[in-house]
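Below: the structure, in structure tokens.
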Amino acid sequence: MNDYSSKLLESAVSELSRLPGIGKKTALRLALHILKEDKSYSENLGVSIINLRKEVLFCNKCNNLSDADVCGICSNSKRDETLVCVVEDIRDVMAIEKTSQFNGLYHVLGGIINPIEGIGPNDITISHLIKRVNIENLTELILALPATVEGDTTNYYIYKLVSEFDVKITTIARGVAIGDDLEYTDEITLGRSILNRLPFSDSH
7 MNDYSSKLLE SAVSELSRLP GIGKKTALRL ALHILKEDKS YSENLGVSII NLRKEVLFCN
67 KCNNLSDADV CGICSNSKRD ETLVCVVEDI RDVMAIEKTS QFNGLYHVLG GIINPIEGIG
127 PNDITISHLI KRVNIENLTE LILALPATVE GDTTNYYIYK LVSEFDVKIT TIARGVAIGD
187 DLEYTDEITL GRSILNRLPF SDSH
């Protein structure tokens, strides 16, 4: 016997449960919550999701999410354009911004090298990063990738490619626990890790 009295409810639960970290029970709870709210709530939610998928762009310069071709950080004339922090994904940008300890620009790789999962250098934006180093007048590149085997592999790969350029390469201090995502690190610890960054060649 079907557990759902409504095929539409079952369909909504099925789609919601496809989201990361959302099981069937949580999906059902979310679906029932939506049903209890005013229709305007579900309509606004639907429009927001559709617009998110259709309208949100990736910044042409740093690969961060943006509502325009160039994101607000890259287009901000008050930011230090000679300083670029390399991160794994957009959530890391958000985490670092919360610290208020970094006034440079970013480069979002969109992942890290992970042969087991079939992710190589060509699957992330390393080539675009090298173009930025070559074209832009950068003085320092901060590597702020996860302190994991995959993160270290990506760091070394970037280091090998960038070391031929006249740019300082640093990495955030290891105040961030091994394997921790930047988004889960408290703002004070992350801020200090950025301020106390070390020359990459001397930090391993």
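All residue numbers for the sequence shown refer to our numbering, where the first residue is 7 and numbers rise by one.
Built from N, CA and C at the ideal position, the CB exists for glycine as well.
Keep in mind that this is a model prediction, so the values were computed, not measured.
Can you check whether the CB of residue j is closer than 7 angstroms to the CB of residue i?
{"i": "I136", "j": "T176", "result": "no"}
{"i": "I118", "j": "G157", "result": "yes"}
{"i": "V90", "j": "L151", "result": "no"}
{"i": "F64", "j": "I200", "result": "no"}
{"i": "V19", "j": "L38", "result": "no"}
{"i": "T105", "j": "G197", "result": "yes"}
{"i": "V76", "j": "N66", "result": "yes"}
{"i": "A179", "j": "N202", "result": "yes"}
{"i": "L36", "j": "L51", "result": "no"}
{"i": "G110", "j": "D86", "result": "yes"}
{"i": "K174", "j": "E146", "result": "yes"}
{"i": "K99", "j": "V139", "result": "According to the sequence provided, residue 99 is Val. The question's Lys does not apply to it. In this structure, V139 does not lie closer than 7 angstroms to V99 by Cβ."}
{"i": "S48", "j": "I40", "result": "yes"}
In the DSSP assignment, what are the bridge partners of residue i?
{"i": "L204", "result": "T177"}
{"i": "G110", "result": "D86"}
{"i": "F64", "result": "L71"}
{"i": "C91", "result": "Y112, I148"}
{"i": "N120", "result": "I125"}
Given a threshold of 16 other Cβ atoms within 10 Å of its Cβ, counted over all protein chains shown, does residue i qualify as buried or as exposed?
{"i": "E94", "result": "buried"}
{"i": "A74", "result": "exposed"}
{"i": "G126", "result": "exposed"}
{"i": "I56", "result": "exposed"}
{"i": "D44", "result": "exposed"}
{"i": "F206", "result": "buried"}
{"i": "I132", "result": "buried"}
{"i": "G185", "result": "Confidence at G185 is low in this model, with a pLDDT of 44, below 50, so its placement is unreliable and the value that follows should be read with caution. Exposed: under 16 other Cβ atoms inside 10 Å."}
{"i": "V92", "result": "buried"}
{"i": "I102", "result": "buried"}
Query raised in the report: Are there three or more Cβ pairs, one per stretch, closer than 8 angstroms when the stretch 98-115 is compared with the stretch 64-76?
Result: Taking a cut-off of 8 angstroms on C-beta distances, the stretch 98-115 touches the stretch 64-76, as three or more cross pairs fall below it.
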